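Keeping their order, the protein sequence lines are chains H and X.
At position 105 of the first sequence (counting the first as 1) the number is 105 in this note's numbering, and the numbers step up by one without a gap.
Count along the second sequence from 1, add 1000, and you get the number used in this note's numbering.
Notes for the one structure printed next.
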Amino acid sequence: DAKTTQPPSMDCAEGRAANLPCNHSTISGNEYVYWYRQIHSQGPQYIIHGLKNNETNEMASLIITEDRKSSTLILPHATLRDTAVYYCIVRVRNAGNMLTFGGGTRLMVKP
Amino acid sequence: GAVVSQHPSRVICKSGTSVKIECRSLDFQATTMFWYRQFPKQSLMLMATSNEGSKATYEQGVEKDKFLINHASLTLSTLTVTSAHPEDSSFYICSAKPGQGADEQFFGPGTRLTVL
């Protein structure tokens, strides 16, 4: 699976949009971009995934650049409960393989 | 949605004892389950992949005789930490993957193991 690079930490004001970047310059054509988050002392939670088109669900939006070498996860109106470590993972879909977690970004949402 | 449970959520044991952690998929059948370990302020590290009815596949550096994995049914996998030592203290997390063709993995809430 391709390696990803994320900033180790970010702050965001409550109610504002949180934009979390991820670089994956070595991504292959058949690799998807997945985002998970882990709230303190809990298991990871799936957020969203995409291949090349932008995606949106009830939790977040995923913006993937045209060259697919980077992406941004957007939490449109961050709340205190969104404070967590956010992991960007690239992998081949339906490969049956495990998820490889990098360092992630520790997002702190402040009042 | 798919729910994965772990039991116990927290366990404290004495050095030298064995501890069993259960991972259950509550509303789906999991042909594959994964076991991860997470030390404080670090990311999740995969320990092993468990397929129902077959032996687990361990990652490099993980002792299979120390971390016994049993995936006896499509809804249950167990991780037994044998002869636990303080350095085994960690957060153990399982994830479960539904059958063939399904890509999503669903994570359990984790088990905090403290070995005194």
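Even glycine gets a Cβ: it sits at the ideal position worked out from N, Cα and C.
In this text the structure is predicted, and so the values were computed from the model without any measurement.
{"Query": "Using a Cβ-Cβ distance under 8 angstroms, would G102(H) count as near chain X?", "Result": "yes"}
{"Query": "How many whole angstroms separate the CB atoms of S1018(X) and T1082(X), which I take to be in contact at a CB cut-off of 8 angstroms?", "Result": "5 angstroms"}
{"Query": "To the nearest angstrom, how far is it from the Cα of G1016(X) to the Cα of A1084(X)?", "Result": "5 angstroms"}
{"Query": "Excluding the five sequence neighbours on either side, which residues of its own chain have a C-beta within less than 7 angstroms of the C-beta of T83(H), listed in chain order?", "Result": "L107, M108, V109"}
{"Query": "Using the Cβ count rule (16 or more neighbours within 10 Å means buried), how would you classify A1048(X)?", "Result": "buried"}
{"Query": "Could you tell me which chain X residues have their CB closer than 8 angstroms to the CB of R93(H), listed as they occur along the chain?", "Result": "D1103"}
{"Query": "Does the pairing of the segment 46-57 of chain H with the segment 1001-1009 of chain X give three or more beta-carbon distances under 8 angstroms?", "Result": "no"}
{"Query": "Applying the 10 Å Cβ sphere with the 16-neighbour rule, what's the burial state of A17(H)?", "Result": "exposed"}
{"Query": "Can you check whether the CB of A1096(X) is closer than 8 angstroms to the CB of S1043(X)?", "Result": "no"}
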